[in-house]
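Okay, structure first, notes after.
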Amino acid sequence: MKSYLLAGLGILAVTATPAQAQDRQGSIQVKLLATGVLPDGKIKSVETDIVGLPANTQTRANDNYVPTVAIEYFLTNAFSIETICCLTQHDIDGTTGLPGAELVSNARIIPATVTVKYHLDLGAAKPYVGAGPAYFLFIDDEPGAATIPLGVTDFSLSDEFGLALQAGVDVPLNDRGLAISVDAKRYFIDTTARWFAGPDVAIETRHKLDPWVISAGFAYRF
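For the sequence shown, our numbering assigns the number 356 to the initial residue and increments by one for each residue that follows.
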């Protein structure tokens, strides 16, 4: 469903011609959004394992729903730069190998993101596509309850750079800058998870995160 949304908006972007009915150059747009963060990750490799994980162990992070603020500056009518501000929190549980076992508790992430966006003006709707760098900053994380009996005393996820692709649409509600906004981002980013037993690394795994981030809310441009 989400991939069809991005594909449809991408086709619209390359087939339509931007209208110049509205001068947006130099304006700022602020969005207040409700956001679903939907991880699509898995273990890519096991680098260290002194506790003997079951074969084919895999994990899944839970979805989370958070408020998001986006701030956007229009360089021209068609091009803008946007950044977002949010904090998302996730637990990571075992699926195959360790079904239901809590492996990570309360991993808090700041997904610092800057995208360059290309806009179309179709009158009643203003779709856009965008792309840019992302940096996932893990500001707090704890070992899950299932790892404590194994002697795990600490846990960390590595901060990492990645890429974000974006598509969405703004639908004006009036001629004073108020609009409804729907936005979809797909992140491509990895992280290294380390479980410690005292000073030693007991388990080290490389994870693909690649979350979908789906948002909807209101925008105001001034």
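The beta-carbon is built from N, C-alpha and C at its ideal position, and this holds for glycine as well.
These figures come from a predicted structure and were not determined experimentally.
How far does the beta strand (DSSP E) with residue i in it reach, from first residue to last?
| i | result |
| --- | --- |
| GLY449 | 443 to 449 |
| ILE558 | 555 to 563 |
| ASP418 | Premise fails: ASP418 is in no beta strand (DSSP E) and is neither H nor E. |
| ASP404 | 397 to 404 |
| ALA389 | 383 to 393 |
| SER570 | 567 to 576 |
| ALA635 | A query on residue 635 cannot be resolved here, the shown segment of the chain reaching from 356 to 577 and no further. |
Alpha carbon to alpha carbon, how far is residue i from residue j?
| i | j | result |
| --- | --- | --- |
| THR450 | ASN411 | 10 Å |
| GLY396 | ILE464 | 15 Å |
| GLN380 | ASP538 | 21 Å |
| THR560 | ARG415 | 13 Å |
| ASP448 | ALA433 | 43 Å |
| PHE510 | THR403 | 14 Å |
| SER513 | ASP496 | 11 Å |
| THR343 | THR547 | The requested residue 343 does not occur in the structure, where the chain is confined to residues 356 to 577. |
| ALA500 | SER400 | 22 Å |
| ILE569 | HIS445 | 16 Å |
| LEU475 | GLY532 | 16 Å |
| THR386 | VAL526 | Reading off the sequence, residue 386 comes out as Lys, not Thr. In a straight line, the C-alpha of LYS386 is about 12 Å away from that of VAL526. |
| PRO394 | TYR490 | 16 Å |
| ALA552 | LEU492 | 23 Å |
| TYR428 | ILE383 | 5 Å |
| GLN413 | ILE398 | 6 Å |
| LEU505 | VAL406 | 7 Å |
From the DSSP output, which residues share a beta bridge with residue i?
| i | result |
| --- | --- |
| GLU457 | ASP448 |
| ARG379 | According to DSSP, which records beta bridges pairwise, ARG379 is partnered with nothing at all. |
| GLY532 | According to DSSP, GLY532 bridges with nothing at all. |
| ASP514 | Answer is none; ASP514 lacks a bridge partner. |
| ALA489 | THR468, GLY517 |
| ASP495 | ARG463 |
Is DSSP giving residue i helix, strand or coil here?
| i | result |
| --- | --- |
| VAL527 | Here residue 527 turns out to be Pro, not Val, going by the sequence shown. In the structure shown, PRO527 sits in a strand (DSSP, three-state: E or B). |
| LEU505 | helix |
| ALA539 | strand |
| ALA410 | coil |
| ALA479 | coil |
| ALA433 | coil |
| ALA371 | Per-residue confidence for ALA371 stands at a pLDDT of 39, beneath the threshold of 50, marking its modelled position as unreliable; no derived number is given. |
| ALA362 | Note that ALA362 scores 46 on pLDDT, short of 50, meaning its location in the model is unreliable; the coordinates nonetheless yield the value given after this. Helix, per DSSP. |
| ALA500 | helix |
Compare the C-alpha of residue i against each of the options and name the closest.
| i | options | result |
| --- | --- | --- |
| ILE503 | GLN380, ILE383, ILE558, VAL424 | ILE558 |
| THR431 | CYS440, LYS472, LEU492 | LYS472 |
| SER458 | SER570, VAL507, GLY478 | This sequence places Leu at residue 458; Ser is not what is there. The residue with the shortest Cα to Cα distance from LEU458 is VAL507. |
| PHE543 | GLN380, GLY553, LEU477, HIS562 | HIS562 |
| TYR483 | LEU492, PHE491, GLY455, VAL524 | VAL524 |
| ASP530 | ALA489, THR438, ALA479, LYS540 | ALA479 |
| ASN417 | ALA467, THR443, THR438 | THR443 |
| ALA456 | LEU387, THR423, LEU408 | LEU408 |
| LEU528 | GLY572, THR390, CYS441, ASP555 | GLY572 |
| SER536 | LEU520, PRO554, TYR575 | TYR575 |
| LEU520 | ASN419, ALA486, GLN413, PHE577 | ALA486 |
| VAL392 | CYS440, ILE494, TYR420 | TYR420 |
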